[in-house]
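Protein chains: 4
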Amino acid sequence: MLKIGLLGAGRIGRVHAVNIAGHAATTLAAVSDVNEEAAQSLAAAYGARALGTDAILADASIDAVLIATSTDTHSDLIEKATAAGKAVLCEKPVDLSLERAKACLAKTADSGKPVMIGFNRRFDPNFAAVRAALSAGDIGKAELLSITSFDPAPPPVSYIKVSGGLFRDMMIHDFDMANFMMGGAPASIHAVGTSIVDPAIGAAGDVDTAVVTLTYTDGRIAVIKNSRRAVYGYDQRLELLGSEGLLSAANILENTVSKATKAGVTSAKPEFFFLERYMRAYAIEWDAFVSSIVNGTPLPVSLEDGIAALALAEAATQSAKSGQPVKLAL
Amino acid sequence: MLKIGLLGAGRIGRVHAVNIAGHAATTLAAVSDVNEEAAQSLAAAYGARALGTDAILADASIDAVLIATSTDTHSDLIEKATAAGKAVLCEKPVDLSLERAKACLAKTADSGKPVMIGFNRRFDPNFAAVRAALSAGDIGKAELLSITSFDPAPPPVSYIKVSGGLFRDMMIHDFDMANFMMGGAPASIHAVGTSIVDPAIGAAGDVDTAVVTLTYTDGRIAVIKNSRRAVYGYDQRLELLGSEGLLSAANILENTVSKATKAGVTSAKPEFFFLERYMRAYAIEWDAFVSSIVNGTPLPVSLEDGIAALALAEAATQSAKSGQPVKLAL
Amino acid sequence: MLKIGLLGAGRIGRVHAVNIAGHAATTLAAVSDVNEEAAQSLAAAYGARALGTDAILADASIDAVLIATSTDTHSDLIEKATAAGKAVLCEKPVDLSLERAKACLAKTADSGKPVMIGFNRRFDPNFAAVRAALSAGDIGKAELLSITSFDPAPPPVSYIKVSGGLFRDMMIHDFDMANFMMGGAPASIHAVGTSIVDPAIGAAGDVDTAVVTLTYTDGRIAVIKNSRRAVYGYDQRLELLGSEGLLSAANILENTVSKATKAGVTSAKPEFFFLERYMRAYAIEWDAFVSSIVNGTPLPVSLEDGIAALALAEAATQSAKSGQPVKLAL
Amino acid sequence: MLKIGLLGAGRIGRVHAVNIAGHAATTLAAVSDVNEEAAQSLAAAYGARALGTDAILADASIDAVLIATSTDTHSDLIEKATAAGKAVLCEKPVDLSLERAKACLAKTADSGKPVMIGFNRRFDPNFAAVRAALSAGDIGKAELLSITSFDPAPPPVSYIKVSGGLFRDMMIHDFDMANFMMGGAPASIHAVGTSIVDPAIGAAGDVDTAVVTLTYTDGRIAVIKNSRRAVYGYDQRLELLGSEGLLSAANILENTVSKATKAGVTSAKPEFFFLERYMRAYAIEWDAFVSSIVNGTPLPVSLEDGIAALALAEAATQSAKSGQPVKLAL
């Protein structure tokens, strides 16, 4: 039984707590949060201890930590936790600064402890099934990838300002998905972005709607579409055209009911947001992390993967500003 | 080029006129109707002659007739036309009286002329694909057939009164479909019916909603559901469960557009009624008739098929009245 | 925190254990099973005690029991548990004998303790949404209900022999669903059944494929289709035609991925069987039971509902044998 | 009755012949083709005359011509036909040279005769329904348009060499669709292209897979994906995200049948190619042209529209070569 320390008791921390407590091989040992009450309340619900972060890292009985704190603390905590001998699962992104993330990687490598970045969508059964079908040769050789990823509503502008921008905060998931599906990084990137949803987002120096085109050395192309607002719900789809067919992952709908009347046929919307849509993905992600730790096998998503996605986010930010494509170091 | 006489210039007659005129091997030579103006107007549009029915039958240059007159004239016209040496395609049903229809068959058999009954749904590309997949062994051995057949709105009660009732007028299509899919007639039939849509239909001695169960000597079962009113459009579906799978034919929708908003996802309704839904089926039906006549091959739907469906309609009418199942002569 | 005793540690008992342990207001206190090892193993996983059934019922600290034992013990255990002052959630069916179930109801009524029967499908979010939409008037007045309920594969004949037959064992869920959707019991029932899937099932005196027609005093009709074998998975669908539209609940599929190749477009099958399909329904069912107990509100499914479904199963069994419809006492 | 001269008796000419002959207000008077036999054979089937192109243009009884010849003759024939007083419907593209097309526009304007360019997809009932829903305000203000347009198989390289390239030959349809949906031209364009499907296409100086991003002065974005090879059929879809929802037009499938087996659920592929998919669109297009001519109302697609799409194709060709975005004159 692995003892787990959870750093961060906010919305995403609570999702992870359910999975940690429910997993046959892990137990939630301790919880920390800058809001002590939040830590205590969450700890109580699972019979865990509420401790300070340093106390958790100092506790030799704790095998691994899950970092679900604010982004600006991620690289520091990864470094401290690995130095303290803990295995780490850290929420994305590694950092808003690519340089800082690379430094974190260097330090962590010295520790020899495994660090996984929480790109939960790789564990979504639908996207995973697309990847598996591609690997099985179901559509021949991949040629053209298309990712649609729309949030239901934009976050407050106060959040936008500290988010690192759409490409680092939101599209980073899709950059990782592209790397996951294509099996590596692109050779060039071109981004266009606009603040058509909310001019206040533009005033804050960010975009809310964007299209990014990635090209690969072997001629493959990927295109990613993001919008901060799809009023009908969280729109998470993917299509991959190959030499022998097309793989598509559609949305998960709220239910399977349809109603036919004179006005047309109405069916359910996509699940509202990431907690609903990726509920199963988070549980599978946790199981994958635990399996790797227990069996000593490679992590399914590495810190390097986190950095690769961040590098694309940085280049996309640059391209959207300059209007020019950016060549990427391979 | 076969010269065709069209008997009946009403709604369904006009549908057939398009196909007769548009077919590479047939030409619309003459049209008759009790309403002379209707015959003249339709004939004019296609460069055909408007004639009396007797004149058409007496015209030796006319090779075949399509009977699209009122039901009460069908068996008389089939007899007269075959006696006059014409090949015949007659709209369903053969007659409202099973006895009369059988007499018609006997007379017609003497003539040696081919008579096809217009069960257009056999030629619907979707239902035909189900039948072909069954024949190809795609779902193993058939076990349980389910037919859903709803009209968009009930006809006027004045029509109901002369229609022969729901089982002879409406479900007769589904009886033929069951015979087509199952490759023969059932051993017993049980029907329930109600006039829940419109009590005036009940007052006229008919039902507007009905469920019929058919059993076959080898253990197969079929169930047919009819309603005179599906406000969302003409609902024409079929499912066939077999030992190795399920075949389903869904509705044809008005278009492929969907709209996702906060209120849900809205898509198009089924095509409104039989003229829209079965437009292609009528063209394929006509081509099948012409091919049989030209090549001297067996007709895809025979007068016997019309009588088999009528026998089921008669038994269903009886079962719905008595509340008891009816055993069928095989 | 309600302390729960779980009677029965088999497949369905283990499903309930997850929900009991995971619910914020309940804790799994004790487990019993005729197989002591099974009880011990399940109890250990949740920090519960493995006890004998009598010991659980005698334990005053236990508030409620969940009965997940074999059917032949249900009515005895309901009586004992309510006599011991426990609230009860019992798996369906109440009993294979309608008479015995009625006796159980009489005894239980004396105890004043709440007894809920586990018709889990009422809590499926899809079927529940259909019921809610009907209540909201979305399709006007209900007219024609159609339930499709196919298992993926037949159980062993040894099970069939003690199951009480398809109508009591399998279709009882659909009878309850019809009662749930229609808001009460039908006036007459007609059943046909066949052992076309496996003659050995017929030799054991049972059927594996059946169609049942229910009629209601106000003219509504319901039809239920059952098969013990749909090789593509657990097929659980429902359609309700009303005066102003149609409500449909489709299957939950294994995933949302489709693959388009020269061979066609392939998508996922329905979830394999009831544990997969109704995973969420069991959790919602448990929450509904707990809420009623905690708040003292009426149970969403009563022992009377269990008896009403059993009465239909008994009548269907009789109709399938005699070939005649059966009138039902209202 | 308008008398129509058809210039070009190839594949697309024959599609138009059906519609010209079948339309209530037009008659196919004459057919010309560089292949005289083709002209004669097509003319014979409709009772038309086979003439030389000059003879058709010189025939004062002919009201309008449909130009379905090879692309390199389009602008010459438009000029000659309008000079001869004919109304014109010309297949796309106007010309491979934007300069030449503009000259054609100038000359034609002098004639005062109406010229329509055959962007058939505007008349597809699905895309037209999306446009109508947008105009009706169904999704608020448009923000992000996405067009997927894949051919089933690449044409021979010999065709590629004279086609003007993917952007002028294939994506020109999608440029017009973007202009149609967005109600005007974009401000900038960025294109990437690759010959991943067939290196021989690359060797011929063209691409077979491309992604184009369009930006608009008000912040809207459009993205177009093209591939010369989708082995599962002609993939023609469109999505439009707006401030209040998403409109999607899906493919038209070969039939509505699905088959569920142990291997999954298989349904039909998209209609194979443009003749199947856009059969109805061509008929509606013809009717729209005729209505405008007869009623003297503005044409639904003008020669200017043809030039606007060509301008985008030229800019895309340039962007794909340079790797840089191209600013467009508005």
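For the protein sequence lines, the chains are A, B, C and D, in the order given. Counting with the numbering used here, you get residues 1 to 330 for the letters of the first sequence. Counting with the numbering used here, you get residues 1001 to 1330 for the letters of the second sequence. Counting with the numbering used here, you get residues 2001 to 2330 for the letters of the third sequence. Counting with the numbering used here, you get residues 3001 to 3330 for the letters of the fourth sequence. Cβ coordinates follow ideal geometry from the N, Cα and C atoms, glycine included.
Burial check for Glu1254(B): the Cβ neighbour count within 10 Å reaches 16 or more, so the residue is buried. With respect to the C-alpha of Ala2101(C), the residue from Ser2322(C), Ala2311(C), Asp2218(C) having the closest C-alpha is Ala2311(C). Scanning chain B for C-beta atoms nearer than 8 Å to the C-beta of His2074(C) yields nothing, as the closest lies near 31 Å away. When CB distances to chain A are screened at a threshold of 7 Å, the residues of the segment 1252-1268 of chain B falling below it are Ala1260, Thr1261, Lys1262, Gly1264, Val1265, Thr1266, Ser1267, Ala1268, in chain order. Looking at the backbone, the Cα of His2016(C) and that of Ser2041(C) are separated by about 15 Å. Residues of the segment 272-286 of chain A with a Cβ closer than 7 Å to any Cβ of chain C: none.
For Asn3126(D), the chain B residues whose C-beta falls within less than 8 Å of its own C-beta are Asn1255, Thr1256, Val1257, listed in chain order. When DSSP reads this structure, Leu1241(B) sits in a beta bridge with Leu1144(B), Leu1246(B).
The Cβ of Ser1319(B) sits no closer than 8 Å to any Cβ of chain D.
The count of Cβ pairs closer than 8 Å, one atom from the segment 257-265 of chain A and one from the segment 89-100 of chain A, stays below three, leaving the stretches out of contact.
The DSSP-derived three-state label of Lys92(A) is coil. Under the criterion of beta carbons closer than 8 Å, Val1088(B) and Val1115(B) qualify as touching, at roughly 5 Å. Contact of Glu3079(D) with chain A is not assigned, every C-beta pair being separated by 8 Å or more. Rounded to the nearest whole angstrom, the C-alpha separation of Ser1195(B) and Gln2236(C) is 29 Å. Arg1121(B) is classed as buried because its beta carbon has at least 16 other beta carbons within 10 Å across all chains shown. Three or more Cβ pairs drawn from the segment 2157-2166 of chain C and the segment 2198-2207 of chain C lie within less than 8 Å of each other, which places the two stretches in contact. Spanning the alpha carbons of Leu2057(C) and Thr2108(C) requires a straight line of approximately 15 Å.
When rounded, the separation of the alpha-carbon atoms in Ile3172(D) and Ala3178(D) is 10 Å. With a beta-carbon spacing of about 6 Å, Pro2152(C) and Ala2230(C) fall inside the 8 Å limit used to define contacts.
Residue contact with chain C for Tyr3234(D): absent (no Cβ-Cβ distance below 8 Å to any residue of chain C). A residue is called buried when at least 16 other Cβ atoms come within 10 angstroms of its Cβ; Asn3126(D) meets this threshold and is buried. Against chain D, a Cβ distance below 9 Å from Val2231(C) picks out Ala3260, Thr3261, Lys3262. Counting along the chain, the unbroken alpha helix (DSSP H) around Leu1310(B) starts and ends at 1303-1322. In the DSSP annotation of this structure, the continuous segment of the alpha helix (DSSP H) that includes Ala81(A) starts and ends at 74-83. Below the 7 Å Cβ cutoff, chain D contributes Thr3261 as neighbours of Glu1244(B), in chain order.
Judged by beta-carbon spacing, Ile2117(C) lies beyond the 8 Å limit of Ala2315(C), meaning their Cβ atoms are not closer than that value.
Taking all protein chains shown into account, Phe1273(B) has fewer than 16 neighbouring C-beta atoms within 10 Å of its C-beta and is therefore exposed. When the five nearest sequence neighbours on each side are left out, the beta carbons in the same chain lying within less than 7 Å of the beta carbon of Arg3131(D) are those of Phe3180, Met3181, in order along the chain. Approximately 15 Å separates the beta-carbon atoms of Leu3051(D) and Ile3067(D); this is outside 8 Å, ruling out the contact. Under the 8 Å criterion on CB atoms, Lys2102(C) is classed as non-interfacial with respect to chain B.
From the listed residues Lys3113(D), Ser3243(D), Ala3025(D), Ala3249(D), the smallest Cα separation to Ser3302(D) is found for Lys3113(D). Per DSSP, Ala1128(B) has no beta-bridge partner at all. For Val2018(C), the uninterrupted alpha helix (DSSP H) run begins and ends at 2011-2022, by DSSP. In the displayed model, Phe2150(C) falls within a strand according to three-state DSSP.
DSSP places Thr1108(B) in the uninterrupted alpha helix (DSSP H) bounded by 1098-1111. Of the residues assessed, Val2192(C) falls on the buried side of the cut-off, its CB having 16 or more other CB atoms within 10 angstroms.
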